[in-house]
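Just so you know, we're using this note's numbering here: the sequence shown kicks off at 1075 and counts up by one. Built from N, CA and C at the ideal position, the CB exists for glycine as well. These notes are about the structure you will find just below.
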Amino acid sequence: MSLSTQQLAAQKNLSYVLAEKLAQRILKGEYAAGSILPGEMELSDIFGVSRTAVREAVKTLAAKGMLLPRPRIGTRVMPRSHWNFLDKELIAWWMTKDNFSHVVEEFLIMRNSLEPQACALAAINSNEQQRTRLAQLMAQMTELQKTFDRQRWIEVDMAYHELIYEMSGNPFMTSFANLFRSIYYNYFTAITDNEVIKLDLHQAIVDAITQGEEQAAFHACLALLKEPVAHR
């Protein structure tokens, strides 16, 4: 690798780190919506980075809808209604310890809206190979409850739910599962407990999908999601 390439890679890394720092300040309200960010030179001094890194960081956040640079006006912090919360990096920055409960709450609202429909679609759109895989994951979950392995359970449970979105045949639902994998992981890590796993409700979903019963799959999923959060 040439020196110039190394410098370019280092510069790119610096701009990403700065983008994250700026995003965190915006998320915390330190740079409020509607306000104008400090100028390029001032940000360079505050964070100890080059003006090039500042420009790249601003471009990154502008692409996510968080900032709006304007000539002779400055860079304005945009209201949250403009932010792209489907962006993986923005989600990762948002999911700090302080924000975790709020992020999960918002995530569950979307999950509760989508997952029953994904189950219904899976009952009519899935193929034999996918149904076999779902049954295998269900069998693994049942076996894991006997000698509980928390980490392995989380992996299998995530795979179970992600597969259902894939089985729906709807690309937007598949993207939902892929996009929120990090939220799923943190969410399941926080709630999974051997005493509260509802295998019967998971099995009811598998049975309905396997039998091609669209409405039964929908309502089986609703039953699971109506359980207290820790039971899902």
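- Using a Cβ distance threshold of 8 Å, S1249 and A1166 do not count as a contacting pair.
- Excluding its 5 nearest sequence neighbours in each direction, E1114 has C-beta neighbours in its own chain below 6 Å: R1125 and V1128, listed in chain order.
- Contact check for M1232 against A1192 fails: the beta carbons are separated by 8 Å or more.
- Remark: C-beta atoms of T1134 and A1093 approach each other more closely than 8 Å.
- Secondary structure of I1198 (DSSP, three-state): helix.
- If you compare the alpha carbons of Q1214, F1174, K1162 and I1110 with that of R1146, the shortest gap goes to I1110.
- In this chain, the beta strand (DSSP E) harbouring R1150 covers G1148 to V1151.
- Taking 8 Å as the upper bound for CB-CB distance, G1103 and I1198 are not in contact here, some 46 Å apart.
- Between W1157 and the set L1101, T1221, D1274 and L1117, the nearest pair of CA atoms involves L1101.
- Excluding residues up to 5 positions away in sequence, S1242, G1243 and N1244 lie with their Cβ nearer than 7 Å to the Cβ of L1195 in the same chain.
- Counting only the Cα atoms, Y1261 lies some 7 Å from V1178.
- The beta carbon of R1144 sits closer than 7 Å to the beta carbons of R1150 from its chain, once the five residues preceding and following it are set aside; these are given in chain order.
- Taking C-alpha positions only, E1202 is separated from S1175 by approximately 38 Å.
- As the crow flies, the alpha-carbon of Y1239 is around 28 Å from that of T1221.
- Cβ neighbours of L1160 within its own chain (closer than 8 Å, five residues either side excluded): L1253.
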